[in-house]
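Q:
Residue numbers (my numbering): 512 to 823.
1. Per DSSP, which one or two residues make a beta bridge with residue 726?
2. Beta strand (DSSP E) containing residue 770: first to last residue?
3. If you draw a straight line from the alpha carbon of residue 713 to that of residue 740, how long is it in whole angstroms?
4. Quick one: using the 10 Å Cβ neighbour count with 16 as the cut-off for buried, is residue 474 buried or exposed?
5. Determine the direct distance from the alpha carbon of residue 820 to that of residue 838, and round the result to whole angstroms.
6. Along the chain, where does the alpha helix (DSSP H) that runs through residue 778 open and close?
7. Give me whichever residues DSSP pairs with residue 719 in a beta bridge.
8. Would you mind working out which of 671, 661, 566 sits nearest residue 627, comparing C-alpha positions?
9. Between residue 519 and residue 642, what straight-line distance do the alpha-carbon atoms span, to the nearest angstrom?
10. Let me make sure I understand the geometry here. Which of 786, 801, 717 has the alpha-carbon closest to that of residue 794?
11. Starting from the Cα of residue 774, find the closest Cα among 759, 758, 816 and give me that residue.
12. If you measure between the beta carbons of residue 766 and residue 782, is that distance less than 7 Å?
13. Report the option in 533, 516, 554 whose CA atom is closest to the CA atom of residue 807.
14. Near residue 664, what residues of its chain come up, given a Cβ to Cβ distance below 7 Å and the 5 sequence neighbours on each side ignored?
15. Here's the rule: buried if 16 or more other CB atoms are within 10 angstroms of the residue's CB, otherwise exposed. What is residue 789?
16. Among the candidates 751, 544, 638, whose CA atom is the shortest distance from the CA of residue 668?
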């Protein structure tokens, strides 16, 4: 092996250790990301970005870190930076205010429903304080601010939520999942679904671009049609687990939902996202080691879920 492959092998071993250490905090991290982004798909992307950054930054940290605070800080800053890039940040008023008590428990039930009406920083602060129970000093560190500024943000957010909770507000209604005709969405998707349900790896490989990327989310990447065919597709073709693929609009996004059997009932097993260009598949993302997303999908589809865990 060359030197990069040596490093890659060593990093995989360390990654397993990292995954084990942070696994207890994954459900709370995913819930936070879902609440702050308001999208299961975006939540999964934010969790993935957070974990990659958290792992890659460790060699540059020379002080003890608390795993949960460390992960939430990276998730918060990653999301706020994205909002800034998209020019959605609303500058907070820098006025002195008294922090008269606003009972957080009286508005707790409204938080998840009403955070849509808060600015990005207010949304992050109130979720970190009132839902995930971090201290003021921890939240200040997470968003790169002073504890006084964080208290002012929290006060304004609580006050606004309390006012909003007394109003009749139009809230976006969640769209119902729709199983659509695959043929209406292109012959390549139709061919993929048919080949999947025949358990035909060669036909699926034939639908891939020569330089296609297969992202098994949170776990591994494969580059190129030949590598994908000889590894993940080969393993899938020989997997005795019953699987059936259906095309589904899930949270306003097309997806291939892979179902299996659990106690005699159809159950969500994994999700697959396909990106096409010039009639071939150039990117394939498989959400298998994503139990929080799969559980949310099963809830949306009103079926059970087959949980695969976070890691091999």
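Heads up, the beta-carbon is just placed ideally off N, CA and C, and yes, glycines get one too. Computed from a predicted structure; not experimentally measured.
A: Straight from the coordinates:
1. Reading the chain shown from its first residue, position 215 is the one you call residue 726. Answer is 732, 796.
2. Counting from one through the chain shown, the residue named residue 770 turns up at place 259. It spans 764–773 - the beta strand (DSSP E) in which residue 770 sits, taken as one unbroken run.
3. In the chain shown, residue 713 corresponds to position 202, counting from 1. In the chain shown, residue 740 corresponds to position 229, counting from 1. Computed Cα separation, rounded: 7 Å.
4. The chain is shown only over 512 to 823; residue 474 falls outside these bounds and no answer can be derived.
5. With the chain running from 512 to 823 in the structure shown, residue 838 is simply not present.
6. The residue given as residue 778 occupies position 267 in the chain shown. Taken as a continuous stretch (DSSP letters only), residue 778 belongs to no alpha helix (DSSP H), being part of the beta strand (DSSP E) at 776–788.
7. For the purposes of this step, residue 719 is taken as residue 208 along the chain shown, with counting starting at 1. Paired residue(s): 792.
8. Here residue 627 is taken as the residue at index 116 of the chain shown, counted from 1. Restricting attention to 671, 661, 566, the CA atom closest to the CA of residue 627 is found in 671.
9. As a working mapping, residue 519 is identified with position 8 in the chain shown. As a working mapping, residue 642 is identified with position 131 in the chain shown. If you take the alpha carbons of residue 519 and residue 642, they lie about 38 Å apart.
10. If you number the chain shown from 1, residue 794 lands on position 283. Of the candidates 786, 801, 717, the one whose C-alpha sits nearest the C-alpha of residue 794 is 786.
11. Mapped onto the chain shown, residue 774 falls at position 263. The shortest C-alpha separation from residue 774 is found at 816.
12. By 1-based counting over the chain shown, the position of residue 766 is 255. By 1-based counting over the chain shown, the position of residue 782 is 271. It is a contact, given that the beta carbons lie within the stated cut-off.
13. Along the chain shown, read from residue 1 onward, the residue named residue 807 stands at position 296. 554 is the residue among 533, 516, 554 whose C-alpha sits nearest the C-alpha of residue 807.
14. Taking the chain shown and counting its residues from 1, the one referred to as residue 664 is at position 153. Result list for residue 664: 603, 632, 633, 636, in chain order.
15. Residue 789 sits at position 278 when you count from the first residue of the chain shown. Label assigned to residue 789: exposed.
16. Numbered from 1 along the chain shown, position 157 holds the residue referred to as residue 668. Among 751, 544, 638, the Cα nearest to that of residue 668 belongs to 638.
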